[in-house]
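Residue numbering for the sequence shown is -24 to -1, 1 to 225, as defined by mature numbering (1 follows the signal peptide of the UniProt record, and there is no 0). For every residue, glycine included, the Cβ atom is placed at its ideal position computed from N, Cα and C. Remarks on the structure that follows.
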Amino acid sequence: MKIKTLVKSLALTAGIAASFSSHADFLDFQVDETPYGGEVITADKLNGGYKEIIDFDGNGNFTATAFANMNQLFSNEGGDNLGAASMIGSNYSLYATFSASGSVMTPGVDGSISSLSADQGSFQLFIDPNRDTTAADADLSLSGTADDMMLGQSMNIGQNVGLLYGFGGVFDFMFSDFELTEAGDSYFVSPTPFYMYVNVDGDFDTFPLEGQQRVTGDVSAVFVPEPSTLAVLGLGLLGLGATSRRKAK
């Protein structure tokens, strides 16, 4: 692989990151935890971890699904875990599900070994009052969801690219048209409207495009002051992500 091609690919990802960074500086938001024994609290980052399964069918197609527990709220520029000041993780839980599907090209674009392009995808965010929802390791199927409420979802995947090299991958996904449900409006209470930026990444060194692959990693969410889509940034990493947008009333 030529150095110029690698630099160009990394610059593309860095450019997408820069377009969001000026608006993602840990702006405060408020969540209402009174139904779960708490108060309306102020935070500036939501954090958790995810596990993902990616299947390649051998005919140039892939499907990916992921489950993320999102049970840490932070304040003070994302540096202080609210811990006992919040009921999240003790009296209720948040989790998200992601999916994407599309095609694989080998050799890939921009000098990559292979490239992935998704044409369908979705993102859902849920609240779990009983903290009993789990995702099976085998297929990420969910159990214990009877009490869960969807806070919002996006069914539209926009601009995206996955560039895979010998050292790892550069993977950028963007979702749009995320809308909160009535339950979401009741949980995320300020500011009005607000827009959520979610960054997801994993940690593998190389990625064979065959059979079934599994990835784990971290997911963080901050809020931005304008409608936006999310660039999922994965330098040497692979992940799924989304942006959530609260509908103006």
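Checklist line | Three-state class that DSSP yields for Ser90 in the structure shown | finding: strand
Margin query: Taking DSSP's pairing of strands, which residues face Arg190 in a bridge?
Written below: Ile29
Check: Start and end of the beta strand (DSSP E) containing Gly117?
Finding: According to the sequence shown, residue 117 is Ser rather than Gly. Counting along the chain, Ser117 falls outside any beta strand (DSSP E), and DSSP gives it neither H nor E.
Next item on the list: Apply the 10 Å Cβ neighbour rule to Ser88 and answer buried if 16 or more other Cβ atoms are within range, or exposed otherwise.
Entry: buried
Notebook entry, point to check: Should Phe43 and Lys21 be called a contact, given that it needs their Cβ atoms to be closer than 8 Å?
Noted result: no
Next item on the list: Evaluate Gly97 with the Cβ neighbour count: other Cβ atoms within 10 Å of its Cβ, from every protein chain shown; 16 or more gives buried, anything less gives exposed.
Entry: buried
Next item on the list: Return the first residue and the last residue of the alpha helix (DSSP H) that Asp161 is part of.
Entry: Glu158 to Tyr163
Next item on the list: May I ask which residues mark the beginning and end of the beta strand (DSSP E) holding Ser69?
Entry: Ser69 to Met81
Next item on the list: Pull up the distance between the alpha-carbon of Phe(-5) and that of Leu3, whole angstroms please.
Entry: Reliability fails at Phe(-5), whose pLDDT of 44 lies under 50, so the model's placement of it is uncertain and the value that follows must be treated cautiously. Rounded to whole angstroms, Phe(-5) to Leu3 spans 13 Å at the Cα level.
Check: In three-state DSSP terms, what is Gly144?
Finding: strand
Next item on the list: On a CA-only basis, which of Leu116, Ser166, Asn67 and Thr157 is nearest Phe74? Give me that one, please.
Entry: Leu116
Margin query: Using the three-state DSSP reduction, which class does Gly59 fall into: helix, strand or coil?
Written below: helix
Next item on the list: Quick one: grab the DSSP three-state call for residue 226.
Entry: Limits of the chain in this structure are -24 at one end and 225 at the other, which puts residue 226 out of reach.
Item checked: Met81 classed as buried or exposed, judged by whether at least 16 other C-beta atoms fall within 10 angstroms -> exposed
Check: Within 10 angstroms of its Cβ, does Glu186 collect 16 or more other Cβ (buried), or is it exposed?
Finding: exposed
Notebook entry, point to check: Given that a residue counts as buried once 16 or more other Cβ atoms are within 10 Å of its Cβ, and exposed if not, what is Asn37?
Noted result: exposed
Note to self: Can you look up Thr109 in the DSSP assignment and give me helix, strand or coil?
What the structure shows: coil
Notebook entry, point to check: Are the beta-carbon atoms belonging to Asn67 and Tyr141 less than 8 Å from one another?
Noted result: no
Check: Is Gly138 near Ser91, with beta carbons less than 8 Å apart?
Finding: yes
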